[in-house]
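S.K.:
In the working numbering, the protein residues as written are 382 to 704.
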């Protein structure tokens, strides 16, 4: 263990990961036939080349497939799950929640908490922290945390500034808690704002479509991501050199590039998949974790610093170890 790391373990480790994305792919060239844009313009500003979009698939199906993969990788039974949280802003229904329907689909126990959590793109990290608290209180060992979005439902396909950004997909993690382990030390925050990024709800006079001040969100991200990183490192009494891998919310390749340049993070210690998926909001971080696990780039014992930000405006970070 690096000398700067505080404690020996993390209270809650990730035991299994999985992800699933729809089959249909929408390329930048496809979008150029809908709005005034082109491949070079989109790539230069975002780093996105394509995104996956649901056609026949439902939000519930994405959740189930990602969760099944995570449970299989973890090597546990569905009845061992002690909590189920789905981070999302785009579930099939408000009630019942996506988590409740996932509980039924997977055959999870009936006596466990199951609910959705909305913290926009920070949702998965917020859900990890909540899962840690729930498992600590219940004494159960395993939890299921899913980030899933079908943002194609709420995208204005006539707005070239937002329709190029978002994609659909789901990522899941089975987490394990043990009493003798110290906390993952999540850092969460919010600066209430309904102008930079907005998705109106039912019953309002506004169309239920994403509206965003892209420049404002960019400024918010480049301010808060480094601050959140530093708070996580300070909380764990370590430095960036002590971290095995960095996982950032995949919102914009330029944001990630600025952060890794500022902290001199070597290329082998971070990952970008935004070119393939676009911004999948709450699914972004767990999809990255799942891909890295399958590629063997993170493995048992790897310490991963994750940072996200999203509408609200919210932010979050945590230092997570893989079991």
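Here a beta-carbon is modelled for each residue, glycine too, at the ideal position from N, C-alpha and C.
Return the CA-CA distance between residue 691 and residue 560, expressed in angstroms with no decimal places.
M.R.: 31 Å
S.K.: Note down the Cα distance separating residue 577 from residue 547, rounded to an integer number of angstroms.
M.R.: CA-to-CA, the gap between residue 577 and residue 547 works out to about 16 Å.
S.K.: Answer with buried or exposed for residue 433, where buried requires no fewer than 16 other C-beta atoms within 10 angstroms of its C-beta.
M.R.: Residue 433 comes out buried.
S.K.: Per the DSSP calculation, residue 461 is bridged to which residue(s)?
M.R.: None, per the DSSP bridge assignment.
S.K.: With DSSP as the reference, please indicate the residues paired to residue 570 in a beta bridge.
M.R.: 696
S.K.: Within its chain, find whatever has a CB closer than 6 Å to the CB of residue 383; leave out the 5 residues flanking it on each side and keep chain order.
M.R.: Any reading at residue 383 must be qualified, since the residue scores a pLDDT of 47, below 50, and its modelled position is unreliable; the value itself is stated next. If we look at residue 383 and ignore the five residues flanking it on each side, its Cβ neighbours are 623.
S.K.: Across which residues does DSSP place residue 603 in a beta bridge pair?
M.R.: Note: residue 603 sits in no beta bridge, so no partner.
S.K.: Is residue 529 near residue 467, with beta carbons less than 8 Å apart?
M.R.: yes
S.K.: How many whole angstroms separate the CB atoms of residue 567 and residue 509, which I take to be in contact at a CB cut-off of 8 Å?
M.R.: 7 Å
S.K.: If we ignore side chains and look at the alpha-carbon of each, how far apart do residue 638 and residue 699 end up?
M.R.: 20 Å
S.K.: Which first and last residues belong to the beta strand (DSSP E) in which residue 529 is found?
M.R.: 523-531
S.K.: Roughly how many angstroms lie between the CA atoms of residue 437 and residue 486, to the nearest whole one?
M.R.: 18 Å
S.K.: On the three-state DSSP scale, how would you describe residue 436?
M.R.: coil
S.K.: For residue 498, count neighbouring C-beta atoms within 10 Å of its own C-beta (all shown protein chains included) and say buried if the count is 16 or more, exposed if not.
M.R.: buried
S.K.: DSSP on residue 492, reduced to helix/strand/coil?
M.R.: coil
S.K.: Identify every residue that forms a DSSP beta bridge with residue 558.
M.R.: Under DSSP, residue 558 shares a beta bridge with 393.
S.K.: Less than 7 Å between C-beta atoms, sequence neighbours within five positions excluded: which residues of the same chain meet that for residue 410?
M.R.: The beta carbon of residue 410 sits closer than 7 Å to the beta carbons of 420 from its chain, once the five residues preceding and following it are set aside; these are given in chain order.
S.K.: Measuring CA to CA, which of 629, 580 and 465 is closest to residue 536?
M.R.: Out of 629, 580 and 465, the CA that lies nearest to the CA of residue 536 is found in 580.
S.K.: Kindly give me the distance between the Cβ atoms of residue 364 and residue 461, rounded to whole angstroms, as I take these residues to be in contact under 8 Å.
M.R.: Outside the displayed range of the chain (382 to 704) lies residue 364, so it cannot be described from this structure.
S.K.: Note the first and the last residue of the continuous beta strand (DSSP E) segment covering residue 684.
M.R.: 684-691
S.K.: Quick check on residue 389: buried or exposed, where buried means 16 or more other Cβ atoms within 10 Å of its Cβ?
M.R.: Annotation note: pLDDT 44 at residue 389 (below 50); position unreliable, coordinate value reported separately. It is exposed - the Cβ of residue 389 has fewer than 16 other Cβ atoms within 10 Å.
S.K.: Check this for me: beta carbons of residue 506 and residue 693, under 8 Å apart or not?
M.R.: no
S.K.: Closest to residue 658 by C-alpha separation, out of 483, 676, 406 and 518, would be which residue?
M.R.: Taking only the C-alpha atoms, the option nearest residue 658 is 406.
S.K.: Alpha carbon to alpha carbon, how far is residue 490 from residue 439?
M.R.: 23 Å
S.K.: Give me, in chain order, the residues of the same chain whose beta-carbon lies closer than 6 Å to that of residue 572; leave out the 5 immediate sequence neighbours on both sides.
M.R.: 694
S.K.: Express the C-alpha separation of residue 672 and residue 346 in angstroms, rounding to a whole number.
M.R.: The chain is shown from 382 up to 704; residue 346 falls before or after that span and cannot be answered.
S.K.: In its own chain, which residues sit with a C-beta less than 7 Å from the C-beta of residue 385, not counting the 5 before and 5 after it?
M.R.: Confidence at residue 385 is low in this model, with a pLDDT of 49, below 50, so its placement is unreliable and no value can be given for it.
S.K.: Across which residues does DSSP place residue 408 in a beta bridge pair?
M.R.: 431
S.K.: For the alpha helix (DSSP H) containing residue 641, name the first residue and the last one.
M.R.: 634-643
S.K.: Out of 492, 517, 591 and 401, which has the shortest C-alpha to C-alpha gap to residue 575?
M.R.: 591
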